[in-house]
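Chains as they are written, first to last, in the numbering used here: chain A, 18 to 251; chain B, -17 to 387; chain C, 988 to 1419.
All residues carry an ideal CB built from backbone N, CA and C; glycine is no exception.
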Amino acid sequence: MLQMKEVSKVFRTATVETRALRALSLEVDEGQFVAITGPSGSGKTTFLNIAGLLEEFSSGTYMLDGVNVANLDDRARSRLRNEKIGFVFQGFNLIPDLNLFDNVDVPLRYRGMTSGDRRKRIEAALDRVGLAKRMRHFPAELSGGQQQRVAIARAIAGDPKLLLADEPTGNLDSEMAREVMNLLEELNSQGTVLVIVTHDPAIASRAPRNVHIVDGVAADVERKPAAGATTTAS
Amino acid sequence: MHLHPILSTLRRHRTASALIVLEIAVTCAIVSNTVFLVQERLSRMNNSSGVVEDELIVVQLTGIGEKPDAAAATEVDLSALRSIPGVRHVATSNMVPFGNSSWNTSISTIPDDPNTVNSAMYFGSQDLLEVMGLQVTAGRDFAPEEYVTLDDVQSKKAQAPAVIITRGLANRLFPDKPPIGQPLYVLGKNPQTVVGVIEHLARPNEGTGRENAAYAIVLPLLAPYTVTGNYVLRADAKQASQVLTSVDTTLNRIDRGRVIMGRKPFAEIRREYFSQDRSLALLLTGVSIALLVVTAMGIVGLASFWVQQRTRQIGIRRALGASRGDILRYFLLENFILATIGIVLGMALSYGINLWLMKAYQVARLPGTVLPIGAALLWLVGQLAVLGPALRATKISPAIATRAT
Amino acid sequence: MFAYYLHLALRSLGRNRVITALMVLAIAFGVGASMTTLTVLRTLSADPVPGKSHRLFNVQLDPRPASRSMPSTEPPEQLTRTDAEALIRAAKAERQVMMSGGNAAIEPTRADLAPFFADARWTTADFFVMFGAPFAAGTPWTAVDDERAARVVVITRELAEKLFGTIEIIGRSLRVDGTEMRIVGVLDTWRVNPHFYDLNTTVYGTGEQLFAPFSTSRELKLSRSGTTDCWENAPEPEALGAPCTWVQLWVELGSMSAVANYQDFLTSYSQDQRRAGRFEREPTIRLRSVVDWLAFKQVVPSDVRLQTWIALGFLIVCLINTIGLLLTKFLRRASEVGVRRALGASKREIFTQLLIEAAVVGLAGGLVGLLFTWIGLGMIRSQPTTYAALARLDLPMLGITIALAVVSSILAGVFPAWRGCQVSPSIQLKSP
Ligand SMILES: Nc1ncnc2c1ncn2[C@@H]1O[C@H](COP(=O)(O)OP(=O)(O)O)[C@@H](O)[C@H]1O
Ligand SMILES: [Mg+2]
């Protein structure tokens, strides 16, 4: 699904040069659920941005679902992002001016579907996250957990193969966080590749595969049984 | 295609949207009306005089004190002016089109008619029609024996036998019969006979109304330069400047005791006559442009604000698959919707303003053709104004969605 | 506190240079356009005889025959020579003056000057005192000169300097239309705008250069300018008894009762004339003060009034524009306002702070607008219209320009400031 080879990312400002990723290599296969952990500032978000085609990288190669993304122009990248990838953000990032229905509609709009198709998908996605009844509400009228569920509905409405989530539970209390994680796991069990950045060991332990990023380099973490025990306990 | 989310956004920013719509509406209303006023002035400036403007030079002359031999002096002047190289014809004339100073008279088709028609009254020496390049399209020019002196007419010793009228006046006076041979009461108790019709001869000033502007007659009256005041020269357009420089010396050689008030090509008379129209047209054009600039500034300001305010939203849209083109189209379309609402309101307002102008300033009814011009101008200004901020919006990185701000 | 708000305003305006510049320019444009046309309007509707415009009255009678299909609601604007001379003789007002425009052919004694025409006025002795014409040398002619049709003239300083190079010329002779006339007075610079006492010769012009007794002008048959209206064929419209109106008559009346008395006098004069068979209509008289007369004659060109309306429309657009920009500017600061509110600022304080910011924008707009007004008036002056040269910015207009800018931008700021201060202090804590 996702193959990165020696991908580097350098941020240049007038005064400083930050190496956010240093020759990071990582492969994620079909059907996998990967949790990415690491200290703050280590490059997790940068990795996710590059994986999700939100940002370009400085060197290395990146194949997404068999496509080399290095040589694509904005239109092609946008199209790929729209069709293959769903995002769930820490800050939910719903558009405050649009109601739930219209928010979920946004990615579908850029795909040129008929309005009937879109309606069906939007209703199905909102139904899936249990908010079909509230689709005329505006984001400000929902709790944080509900907002994140809308964001997930929006991410899955277009049937992406890859779901990227950056600290999806970071702004939620534990009850809401569990709800959201259950939803994501369920999606993964139906075949969607799931990559989650988190600093919460409880969440990381729910993922079959853990990747640790330190100083812009990624490495797989071997699971200890104790970690699994923590998960069941929490 | 993305109409719905745009409308939804505009509804959430009702006040700012309403202000832009209002600004566009008022601008549209004012610009439509000024465009119309400018059009009107420009078309007035193109009014035809009926004479061969390119070839005419008008000399204005006045005597000082009593000039008992003025009639003889006029003949001397005419032949002297005729001998200036480049001059083809010369005549005296009591006035010229757009010359402002005018002789007018009331005429009627029956004696003592209380409903007379006001008309400009031209007269001059025998070559007058020839000099001005006026074609007699029906009937004939005056015969030499038809000329009488103004003096004799005023002291009732003689009667002018004939009159030539413009087509416009003929249509007004004789709508259903050929004018040639008809009697016309112009001067004195007995009528003049219409002997000829000329296509058009503009009045020295507009007369009392638009339809009035086409009413002019020519009479076979002879008068010395002290009365008529103008010598009209027809010269080769190429030699006009040489002719102009010789006029003063030629006339002063004959009699130094006169004042030459002016010598100018007809083009200058036209320019002076319409100078007020030109300056108003210029001023209104300037105001319209300034108005459009201000409106554009308003749109730039608001659009920049919205782009900045929606930076995150734009980033999210980009993250969800919107291309740069999609973002650009979003803002252009949003502006187009606002402009369209403003233009529709503005058109209604234009008509309101026009109704008021019609009452207060005798302005004509706003023609339908002006509205598309006003609308097109505002659409264009709107799209151009929003282009800058919209392009800035396309530069927003989709990564903004993940970087909390 | 004010100083603090001012500091905040300047900081905020400096932070967002583009928007600030747009606002200042918009106000400057609107103020510049309005003030340019308002200055022209004010110049053109200025009082031509300050202090006396309510004491001077134009006289109208209706001497026309009853038969003709002429409207009877408004008498002719001028008088016949017969009536004018009769009313001058009657002398029922404090002062009275009759007059007509004219052209004087002047033959200079200087060899280097060719003969030329000067605008002239044929009038009576009271003219100068009544209209407040200032003398640089000499005096007006006298009523006796009027009676005897004396060969006397008063000329302007400009004409005197052109002809003689000096104004010390009292008693010298000037050749006008072939007749030697004695110079009795030289007028100092005197501009009457609008040219209220005879609007047919000029409205906003340079005025006359030479003045001579009306009686003299008739005796010498000096040439006339202005409008003549005859209701019968008249070989000599200027002759006494001719059926033509071409003479203006003005009277000075000091009080309301004097005005009423003079009106009665005019009515009874009309009745007498009707009994004598000269007038045929019911007495229709008008006695209009300078102010009423100018309004009646609509001297301010309709083009200028039209321009003023357009400019006011322009100002409205600029204000809407400013409201929009201020609103966006203030709403953009919602988070700052929220923090300030959380830290204890009252709505009122926020409102004041924002309004001061609007006023600062207005002040800057006014200063730039002043520049625009100055440029605009320069452009008007370069136009070929007769009134163009008069349009100038004076001190009161300068003040009004700045005031207009500040007041209108404060007005434009009220709504945005009100919206801007509605931010609740909790919003900051609620949203991520
Ligand atoms: N736009 C940017 N410009 C400059 N440096 C950046 C930018 N984005 C991130 N960085 C830097 O890159 C490094 C990695 O950041 P990030 O990927 O956000 O870390 P994480 O998500 O693991 O906390 C950090 O040092 C951060 O300061
Ligand atoms: Mg991060």
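For residue 27 of chain B, the three-state DSSP class (helix, strand or coil): helix
Quiz: which residues have CB nearer than 5 Å to ligand 1 non-hydrogen atoms: A:28, A:35, A:37, A:57, A:58, A:59, A:60, A:61, A:62, A:63
Pick from A:153, A:177, A:36, A:183 that is closest to residue 165 of chain A, judged by C-alpha positions: Residue 165 of chain A has its Cα closest to that of A:183, out of A:153, A:177, A:36, A:183.
DSSP state of residue 156 of chain A mapped onto helix, strand, coil: helix
Residue range of the alpha helix (DSSP H) that includes residue 1254 of chain C: 1243 to 1262
Proximal residues, the region 269 to 283 of chain B versus chain C, C-beta separation under 7 Å: 269, 272, 273, 276, 277, 279, 280, 282, 283
Whole-number beta carbon distance between residue 1348 of chain C and residue 1011 of chain C, since they are thought to touch under 8 Å: Contact holds; Cβ gap of about 6 Å.
8 Å Cβ cutoff, residue 1417 of chain C in contact with chain B: Summary for residue 1417 of chain C: the model assigns pLDDT 33, below 50, so the residue's position carries little reliability; its value from the coordinates is reported in the next sentence. Taking Cβ atoms only, chain B never reaches closer than 8 Å to residue 1417 of chain C, which makes this a no.
Residue 1403 of chain C (DSSP reduced to helix, strand or coil): helix
Min CB distance residue 287 of chain B to chain C below 8 Å: So yes, residue 287 of chain B belongs to the interface.
The region 227 to 244 of chain B in contact with the region 63 to 71 of chain B per 3-pair CB rule at 8 Å: yes
Buried or exposed by the 16-neighbour rule on C-beta atoms within 10 Å, applied to residue 190 of chain B: Residue placement at residue 190 of chain B is poorly supported in this model, since its pLDDT is 49, which falls under 50; the coordinates still yield a value, given next. It counts as exposed.
Where residue 228 of chain A meets chain B, residues with beta-carbon distance less than 7 Å: Residues of chain B passing the Cβ test: none, with the nearest at roughly 18 Å.
Which listed residue (C:1122, C:1084, C:1223) has its alpha carbon closest to that of residue 1044 of chain C: C:1084
Members of the region -2 to 9 of chain B near chain A, C-beta cut-off 7 Å: Hits within the stretch: zero.
Inter-residue spacing [alpha-carbon to alpha-carbon] between residue 154 of chain A and residue 143 of chain A: In a straight line, the C-alpha of residue 154 of chain A is about 12 Å away from that of residue 143 of chain A.
According to DSSP, residues forming a beta bridge with residue 76 of chain B: Per DSSP, none; premise fails for residue 76 of chain B.
Bounding residues of the alpha helix (DSSP H) (the contiguous stretch that carries residue 1345 of chain C): 1334 to 1368
Extent of the continuous alpha helix (DSSP H) run through residue 167 of chain A: 161 to 173
Proximity of residue 200 of chain B and residue 121 of chain B at Cβ, strictly below 8 Å: In this structure, residue 121 of chain B does not lie closer than 8 Å to residue 200 of chain B by Cβ.
Status (buried if at least 16 other CB within 10 Å, exposed otherwise) for residue 377 of chain B: exposed
Amino acids of chain B, ordered along the chain, whose beta-carbon sits closer than 7 Å to that of residue 66 of chain A: Residues of chain B with a Cβ closer than 7 Å to the Cβ of residue 66 of chain A are, in chain order, 381, 384.
Endpoints, alpha helix (DSSP H) assigned at residue 266 of chain B: 257 to 291
Alpha-carbon to alpha-carbon, residue 154 of chain B and residue 125 of chain B: 26 Å
Which of helix, strand or coil DSSP assigns to residue 173 of chain B: coil
According to DSSP, residues forming a beta bridge with residue 1231 of chain C: C:1217
Cβ shell of residue 256 of chain B (< 6 Å), same chain only, five flanking positions each side left out: 27
Unbroken alpha helix (DSSP H) run spanning residue 316 of chain B, endpoints: 306 to 343
Cβ-based contacts, 9 Å cut-off: residues of the region 292 to 305 of chain B near chain A: 292, 294, 295, 297, 298, 299, 300, 301, 302, 303, 304, 305
Check whether residue 323 of chain B and residue 1311 of chain C have beta carbons under 8 Å apart: no
Short CB-CB distance (under 8 Å) between residue 46 of chain B and chain C: yes
Closest Cα partner of residue 1401 of chain C within the set C:1016, C:1247, C:1096, C:1343: C:1343
Close beta carbons around residue 1301 of chain C, own chain, < 8 Å, minus the five adjacent residues each side: 1016, 1017, 1020, 1021
Bridge partner(s) assigned by DSSP for residue 231 of chain A: A:234
Three CB pairs or more closer than 8 Å across the region 309 to 319 of chain B and the region 992 to 1007 of chain C: no
C-alpha gap between residue 146 of chain B and residue 179 of chain B, whole angstroms: The alpha-carbon atoms of residue 146 of chain B and residue 179 of chain B are separated by roughly 6 Å.
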